[in-house]
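Structure first, commentary second.
Number of protein chains: 2
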Amino acid sequence: MAAEADARDGEAALERAEQHCAARGAKLTALRRQVLGLILDSPVPLGAYTLLDRLKTTHPGAAPPTVYRALEFLTEHRLVHRIERLNAFIGCRVGCSDACADHGHEHDHAHAAQFLICGSCGGVEEIEDAGVGSALAAASRRAGFRPAHATVEVEGLCRGCAGLPG
Amino acid sequence: MAAEADARDGEAALERAEQHCAARGAKLTALRRQVLGLILDSPVPLGAYTLLDRLKTTHPGAAPPTVYRALEFLTEHRLVHRIERLNAFIGCRVGCSDACADHGHEHDHAHAAQFLICGSCGGVEEIEDAGVGSALAAASRRAGFRPAHATVEVEGLCRGCAGLPG
DNA sequence: CTCCTCGCGTTATATTATATTGATCATCAG
DNA sequence: CTGATGATCAATATAATATAACGCGAGGAG
C-alpha cells in the first residue's frame with residue numbers, strides 16, 4: 013500500500029465515473045468531478061474539511077455544504093466510499109461502478125466492500141471478498157435480519173508496514 | 013428487536029460488569045456505573061450528548077468530558093461498543109466480558125462482533141458469528157494485511173420491522 | 001416567456017470530540 | 001496526624017465534523 017497515489021488509476025477511475033454517470037443520466041458537474049479528482053488523487057482517505065481546504069485553492073467560494081453536497085452525490089453513486097471509523101472518504105477503485113452501471117439496476121444486491129485500514133501509513137485498501145459477503149448474509153439470515161448494506165472496516169497493518177515480504 | 017429494553021438483561025449485564033471490573037482491578041465508579049446503566053437501559057444506541065442530557069437529570073454537574081471519560085473506560089473494558097456509523101454507543105450483551113475476564117488476557121485475539129442495525133426501529137443487535145470472523149481473517153491474509161480489529165455494521169431491517177414471522 | 005427543478009453560494013447553527021486547567025479524594029510513607 | 005502522591009472528576013475553551021435554511025441563477029418543459 014505504502015501511501016502512494018497512482019495518478020493513472022485516478023484518471024481511469026475518473027473516466028469510468030464519467031461514463032457511469034452519463035449512462036444513468038446523473039450529472040457529474042465540474043465541481044463534483046473536481047471533488048472526485050481530489051479524492052482519487054489521495055492515497056489516504058480525506059476528511060471533509062481537508063477536502064474543503066484543497067478545493068478552496070482552485071475554488072475560493074467553497075464552504076462546508078459545497079463539499080458535503082458533492083460527497084453526497086458521489087457516495088450515492090458509489091464513486092467514493094465513506095470510511096465510518098475515520099469520518100473520511102476514499103475513491104472507489106473496485107470495478108463495481110463499471111460492472112453494474114450498464115445493466116440498469118440500482119445495486120439492489122448487497123454490496124459488501126471491505127476496507128483494510130493501515131494504522132501505520134494510513135492507507136486504505138478496498139477489497140470485495142465473496143466469502144465475507146456470504147458469511148455476513150448467512151449470519152444475518154440466522155438472526156432473522158434482512159441486510160441492506162454492510163460496513164466492514166478492518167484496522168491493522170498493511171503488507172508494507174507489517175514488514176512482510178512484498 | 014422491536015425497540016424495547018430488557019431491564020432484567022440490563023441488571024444482569026451490570027452485575028457482570030461489576031464482577032468483570034472487580035476481577036481485573038478496574039474501578040467501576042458510581043459515575044461509570046450510572047453511564048453504563050443508562051446505555052444498557054436503552055434499546056437504541058445513544059449518542060454522547062444524549063447520554064449527557066440523561067446523565068444531567070440525576071447528576072447536574074455533568075459536562076462533555078464526564079461522559080467521554082466514562083465512555084472511554086467502558087469501551088476499553090468492552091462493556092459498551094461504539095457504533096461507528098451512528099457515533100453512538102450500545103451496551104455489550106454478548107457474554108464476551110464474562111468469558112474472557114477471568115483468564116487474564118486483554119482480548120488480544122481478534123474480536124469481531126457484528127452489529128445489525130435496524131433502519132426502521134433503530135434497534136441494534138449484537139452477534140458474534142464465527143464464520144464472518146474467519147472469512148474476514150482469511151480475506152485479510154490473502155491481501156497481505158494483518159488485522160487487529162474489525163468493525164462490522166450491517167444496516168437493514170430486523171425481524172419485527174421486516175414483517176417476518178417472529 | 002413562464003414555471004419548475006436543480007445545482008450552487010452563503011450564512012448560521014448543530015453535533016461530536018479534544019485540550020487544558022484546577023478541584024477533590026483516597027492512599028500511604030514518615 | 002501530616003503531607004506527598006496519584007487517580008478521578010469538574011469546568012471551560014476550542015477544534016472538528018455536519019446540517020439547516022434561504023436565495024440566486026442556469027437550463028429544460030410546457
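Line order of the protein sequences matches chains R and V.
Take any residue in the first sequence, note its place counting from 1, add 12, and you have its number in the numbering used here.
Take any residue in the second sequence, note its place counting from 1, add 12, and you have its number in the numbering used here.
Heads up, the beta-carbon is just placed ideally off N, CA and C, and yes, glycines get one too.
Bear in mind that the values here come from a model prediction, so they are computed numbers and not experimental data.
Start and end residues, beta strand (DSSP E) containing residue i
{"i": "threonine 163 of chain V", "result": "158 to 169"}
{"i": "leucine 91 of chain R", "result": "Element bounds for leucine 91 of chain R: n/a, residue is neither H nor E."}
Residue i versus residue j: straight-line alpha-carbon distance, rounded
{"i": "histidine 93 of chain R", "j": "leucine 43 of chain R", "result": "18 Å"}
{"i": "isoleucine 139 of chain R", "j": "alanine 60 of chain R", "result": "23 Å"}
{"i": "leucine 148 of chain R", "j": "leucine 26 of chain R", "result": "31 Å"}
{"i": "alanine 38 of chain V", "j": "threonine 78 of chain R", "result": "47 Å"}
{"i": "glutamate 118 of chain V", "j": "leucine 64 of chain R", "result": "Only weak support is given to the placement of glutamate 118 of chain V: the predicted model assigns it a pLDDT of 41, under 50, and the question is left unresolved by the model."}
{"i": "cysteine 130 of chain V", "j": "arginine 154 of chain R", "result": "15 Å"}
{"i": "aspartate 120 of chain R", "j": "alanine 100 of chain V", "result": "Residue placement at aspartate 120 of chain R cannot be trusted, given a pLDDT of 40 that sits under 50; the coordinates are not used to answer."}
{"i": "cysteine 40 of chain R", "j": "glutamine 126 of chain V", "result": "Residue identity differs from the one stated: residue 40 of chain R is leucine in this sequence, not cysteine. The straight-line gap from Cα to Cα measures roughly 35 Å."}
{"i": "leucine 169 of chain V", "j": "histidine 32 of chain R", "result": "29 Å"}
{"i": "leucine 86 of chain V", "j": "leucine 128 of chain V", "result": "21 Å"}
{"i": "histidine 161 of chain V", "j": "serine 132 of chain R", "result": "14 Å"}
{"i": "arginine 45 of chain V", "j": "glycine 156 of chain V", "result": "41 Å"}
{"i": "leucine 58 of chain V", "j": "isoleucine 102 of chain V", "result": "7 Å"}
{"i": "aspartate 53 of chain V", "j": "arginine 105 of chain V", "result": "12 Å"}
{"i": "glycine 22 of chain V", "j": "glutamate 84 of chain V", "result": "20 Å"}
{"i": "alanine 74 of chain V", "j": "glutamate 88 of chain V", "result": "21 Å"}
Beta-carbon gap between residue i and residue j smaller than 7 Å
{"i": "leucine 91 of chain V", "j": "alanine 29 of chain V", "result": "yes"}
{"i": "arginine 36 of chain R", "j": "leucine 50 of chain R", "result": "no"}
{"i": "glycine 135 of chain R", "j": "valine 47 of chain R", "result": "no"}
{"i": "aspartate 141 of chain V", "j": "alanine 151 of chain R", "result": "yes"}
{"i": "alanine 174 of chain R", "j": "arginine 81 of chain V", "result": "no"}
Three-state class that DSSP yields for residue i in the structure shown
{"i": "arginine 28 of chain V", "result": "helix"}
{"i": "glycine 103 of chain V", "result": "strand"}
{"i": "valine 64 of chain R", "result": "In the sequence under discussion, the amino acid at residue 64 of chain R is leucine, which differs from the valine named in the question. Looking at leucine 64 of chain R - three-state DSSP - the assignment turns out to be helix."}
{"i": "glycine 135 of chain V", "result": "coil"}
{"i": "leucine 98 of chain R", "result": "helix"}
{"i": "cysteine 33 of chain R", "result": "helix"}
{"i": "glycine 172 of chain V", "result": "coil"}
{"i": "glycine 73 of chain R", "result": "coil"}
{"i": "histidine 121 of chain R", "result": "Because the pLDDT of histidine 121 of chain R is 44, which lies under 50, any placement of that residue in the model is unreliable, and the question is left without a value."}
Segment limits, alpha helix (DSSP H) that includes residue i
{"i": "valine 79 of chain V", "result": "76 to 88"}
{"i": "valine 47 of chain V", "result": "42 to 53"}
{"i": "leucine 148 of chain V", "result": "142 to 154"}
Problem - Contact between the segment 162 to 176 of chain R and the segment 85 to 105 of chain R (3+ Cβ pairs under 8 Å) - result: Under the Cβ criterion (8 Å, minimum of three pairs), the segment 162 to 176 of chain R counts as touching the segment 85 to 105 of chain R.
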